[in-house]
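Right, one structure below, let's go through it.
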DNA sequence: CTGAAAGCGCTTACAG
DNA sequence: CTGAAAGCGCTTACAG
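Chains as they are written, first to last, in UniProt numbering: chain A, 1 to 324; chain B, 1 to 324.
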């Protein structure tokens, strides 16, 4: 590959001048500038980024840590982050911590990575980051609110005659970030139907939110032998598990029970009936996290953005049959 | 961060010696070695990888290009690749070309990336790679075969009384890599049932393989007014679309029609009935691609691996009712 | 067995 | 407006 020296020689200037015109960092006579630019074109010269990084202490390379790429939410977030990274000349490496050895994380700093996006749910990686690498994650500057969506959902349900809404929490209610539980409570009060504590299934200890947990939580709900006409679960996977349990009890969705999930997993739109859900805008979240990270890196923090989840009504919500 | 100079000073040796012990590249007296190692520990020293890269011309940084991360297959492949990358001290950056500007790809070489995994379906990026960057992709050294799985599927169907199997091709049959079509033909011959050309729906021009294409292809199949008892589609998404069309015609899966997809998308296991499918082992593919790439980079090519898809029978396959 | 020195390809004060 | 020179933090012949 052509080097800066080659360009300098061909353009008949010093190597420094080549840098100056490439980085546009000094006033250079148009004539000289053109000579350099022509030589650059000619040789297909591209500055060696690693040499540049060595002196500028900037690699324009960031890392995104995720639990597990099999979760569509994180994939979408990654894609959003990568999108704005690309627009800003950054490149993003992925570390799926489930399949990576610890060293991969530890060496991030010595690799000169400029910053890190933490997209890990429960696991704590604070230890990894004694190094003062700039890091961002959901919850600070970029936040996520389900409140509006939940109010919309409750309104929708109430309009269709629902009065008894059940909730499968997935994440333990004690978890600080369990905004959704409180929003649901508030919404139910606001619409005058209240939230019966007996219809709230607190998470299993592990805080698992997969299909099986949904199925189990649903069975527990049935076991309580209380009436309800709608079930809201903390994510789509759990909803789909709950649906299994509902069918097993000989009940139909939405005729007998309405079901609402959360995440708006695109693949699930092939279900019949399609699952009402909430879109958490993972792509947008990824975009904002990346913007935030770049601002942190370049030292001009000004972003602060709240992402509003949107309620998406689909066919898994039905009218309550009013006994005539 | 501590630099090599600091370590040298603390250990009372030259900077070169520090390198020698760290890289284990020369015989150093145990005593001196220990002094150095202690200083390293003490200062938490980690060699600056970008400085090292500048001289070694190796970054241990590779890129993976994908069309679109929303496809679970590629996510899984990425995770596989990242897994072996991590084990070998490599880091992998993702470029989702749908959301990246071209420059991101062009600059890969000047970033010093050691190699590239091409996980892009149809699009040609040959242009991007005039630079002689080592690159790998499915189809050479690491290949994928559905033949075994397709024979197993046909055997399974035949055992359950099926004689008329339809095929929704998704990818145009003329496509060179359409191994699956030929394998299906061969299998049907081998089991003495043959493949009726009228039951083969060739792809739409675009070669789309999403849900909608599946639905449309299925409708086209119905429009031909020929008998069939089983439908094999080129991927799970199309199968799920086909299921929609099947239901619309008042038919039941698997009672009236058996349905088989391909890809074994984990999320679809929540369907009822679960879709019979084929597992293409994307994770394994990612692992092998990464191994292959590392071998290419280090110049000791010896891998060559064929991945066999596995047929996975699930509830969407039923017995053919024999008219009594 | 150890170290002084050149060099990797850049950037950027500093001087002219 | 242009260039000579130092320096970024390493590796690696080469000499001792």
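Beta carbons are placed, not taken as given, at the ideal position from N, Cα and C, and that holds for glycine.
In whole angstroms, what separates the C-alpha of residue i from that of residue j?
{"i": "residue 37/A", "j": "residue 105/B", "result": "21 angstroms"}
{"i": "residue 43/B", "j": "residue 111/A", "result": "17 angstroms"}
{"i": "residue 165/B", "j": "residue 257/A", "result": "38 angstroms"}
{"i": "residue 311/B", "j": "residue 71/B", "result": "20 angstroms"}
{"i": "residue 116/A", "j": "residue 281/A", "result": "20 angstroms"}
{"i": "residue 74/A", "j": "residue 235/A", "result": "14 angstroms"}
{"i": "residue 64/B", "j": "residue 197/A", "result": "49 angstroms"}
{"i": "residue 27/A", "j": "residue 237/B", "result": "57 angstroms"}
{"i": "residue 298/B", "j": "residue 222/A", "result": "60 angstroms"}
{"i": "residue 216/A", "j": "residue 277/A", "result": "20 angstroms"}
{"i": "residue 103/B", "j": "residue 109/B", "result": "11 angstroms"}
{"i": "residue 330/A", "j": "residue 148/A", "result": "Since the first residue shown for chain A is 1 and the last is 324, residue 330/A is missing from the structure and cannot be characterised."}
{"i": "residue 227/B", "j": "residue 89/B", "result": "56 angstroms"}
{"i": "residue 46/B", "j": "residue 48/A", "result": "23 angstroms"}
{"i": "residue 294/B", "j": "residue 139/A", "result": "38 angstroms"}
{"i": "residue 3/A", "j": "residue 107/A", "result": "29 angstroms"}
{"i": "residue 324/B", "j": "residue 284/A", "result": "Annotation note: pLDDT 47 at residue 324/B (below 50); position unreliable, coordinate value reported separately. Whole-angstrom Cα-Cα distance: 59 angstroms."}
{"i": "residue 153/A", "j": "residue 254/A", "result": "15 angstroms"}
{"i": "residue 300/B", "j": "residue 296/A", "result": "42 angstroms"}
{"i": "residue 158/A", "j": "residue 233/A", "result": "17 angstroms"}
{"i": "residue 86/B", "j": "residue 24/A", "result": "38 angstroms"}
{"i": "residue 209/B", "j": "residue 251/B", "result": "23 angstroms"}
Any idea what DSSP makes of residue i, helix, strand or coil?
{"i": "residue 232/B", "result": "strand"}
{"i": "residue 58/B", "result": "coil"}
{"i": "residue 265/B", "result": "coil"}
{"i": "residue 137/A", "result": "strand"}
{"i": "residue 306/A", "result": "strand"}
{"i": "residue 21/A", "result": "helix"}
{"i": "residue 312/B", "result": "strand"}
{"i": "residue 166/A", "result": "strand"}
{"i": "residue 29/B", "result": "coil"}
{"i": "residue 203/A", "result": "coil"}
{"i": "residue 144/B", "result": "strand"}
{"i": "residue 280/A", "result": "coil"}
{"i": "residue 238/A", "result": "helix"}
{"i": "residue 93/A", "result": "strand"}
{"i": "residue 100/B", "result": "coil"}
{"i": "residue 324/A", "result": "Residue confidence for residue 324/A is low, a pLDDT of 48 falling below 50, so the modelled location carries little weight; the figure read from the coordinates is stated next. Coil, per DSSP."}
{"i": "residue 158/B", "result": "helix"}
{"i": "residue 171/A", "result": "coil"}
{"i": "residue 116/B", "result": "strand"}
Between residue i and residue j, is the Cβ-Cβ spacing less than 7 angstroms?
{"i": "residue 119/A", "j": "residue 32/A", "result": "no"}
{"i": "residue 7/B", "j": "residue 39/B", "result": "yes"}
{"i": "residue 174/B", "j": "residue 203/B", "result": "no"}
{"i": "residue 246/B", "j": "residue 187/B", "result": "no"}
{"i": "residue 162/A", "j": "residue 229/A", "result": "yes"}
{"i": "residue 291/B", "j": "residue 303/B", "result": "yes"}
{"i": "residue 288/A", "j": "residue 142/A", "result": "yes"}
{"i": "residue 56/B", "j": "residue 114/B", "result": "no"}
{"i": "residue 201/B", "j": "residue 220/B", "result": "yes"}
{"i": "residue 286/A", "j": "residue 77/A", "result": "yes"}
{"i": "residue 275/A", "j": "residue 54/B", "result": "no"}
{"i": "residue 171/A", "j": "residue 214/A", "result": "no"}
{"i": "residue 267/A", "j": "residue 267/B", "result": "yes"}
{"i": "residue 329/A", "j": "residue 146/A", "result": "Here chain A comprises residues numbered 1 to 324, so residue 329/A is not present and cannot be evaluated."}
- Message: Count Cβ pairs between the segment 259 to 275 of chain A and the segment 313 to 322 of chain A that sit closer than 8 angstroms; are there 3 or more?
- Response: Verdict: yes, contact present.
- Give the residues from the segment 36 to 51 of chain B that approach chain A closer than 7 angstroms (Cβ to any Cβ), ordered along the chain. When CB distances to chain A are screened at a threshold of 7 angstroms, the residues of the segment 36 to 51 of chain B falling below it are 46, 47, 48, 49, 50, 51, in chain order.
- Using a Cβ-Cβ cut-off of less than 9 angstroms, list which residues of the segment 101 to 125 of chain B approach chain A; keep chain order. Against chain A - using a Cβ distance shorter than 9 angstroms - the residues of the segment 101 to 125 of chain B are 101, 103, 104, 106, 107, 108, 109, 110, 111, 112, 113.
- Query: Okay, do the segment 93 to 107 of chain B and the segment 68 to 85 of chain A touch, 3+ Cβ pairs below 8 angstroms being the bar?
  - Reply: Judged by Cβ distances under 8 angstroms, the segment 93 to 107 of chain B makes contact with the segment 68 to 85 of chain A, as three or more pairs qualify.
- Segment contact flag, the segment 258 to 265 of chain A with the segment 228 to 244 of chain A, C-beta cutoff 8 angstroms, min 3 pairs: With a cut-off of 8 angstroms, the segment 228 to 244 of chain A and the segment 258 to 265 of chain A count as touching, because enough Cβ pairs lie within range.
- Three-pair Cβ contact test at 8 angstroms for the segment 18 to 35 of chain B versus the segment 179 to 189 of chain A: The answer is no - the segment 179 to 189 of chain A does not touch the segment 18 to 35 of chain B, with fewer than three Cβ pairs under 8 angstroms.
- Task: Give the residues from the segment 252 to 278 of chain A that approach chain B closer than 9 angstroms (Cβ to any Cβ), ordered along the chain.
- Result: Taking 9 angstroms as the Cβ-Cβ cut-off against chain B, the residues of the segment 252 to 278 of chain A that qualify are 265, 266, 267, 268, 269, 270, 271, 272.
- Query: Taking any Cβ of chain A, which residues in the segment 234 to 245 of chain B have a Cβ under 8 angstroms from it, in chain order?
  - Reply: Along the segment 234 to 245 of chain B, going in chain order, the ones with a CB nearer than 8 angstroms to a CB of chain A are 237, 240, 241, 243, 244.
- Which residues, taken in chain order from the segment 164 to 175 of chain B, show a beta carbon closer than 8 angstroms to some beta carbon of chain A? Those would be none; no residue qualifies.
- Which of the residues in the segment 56 to 71 of chain A, read from start to end, lie with their CB under 7 angstroms from any CB of chain B? Cβ contacts with chain B come from 59, 69, 70.
- Message: For the segment 5 to 26 of chain B, list every residue whose C-beta sits within 8 angstroms of some C-beta in chain A, in sequence order.
- Response: Listed by position, the residues of the segment 5 to 26 of chain B near chain A (Cβ gap below 8 angstroms) amount to none.
- Compile a chain-ordered list of the residues in the segment 215 to 229 of chain A whose CB is closer than 7 angstroms to at least one CB of chain B. From the segment 215 to 229 of chain A, no residue has a Cβ closer than 7 angstroms to chain B.
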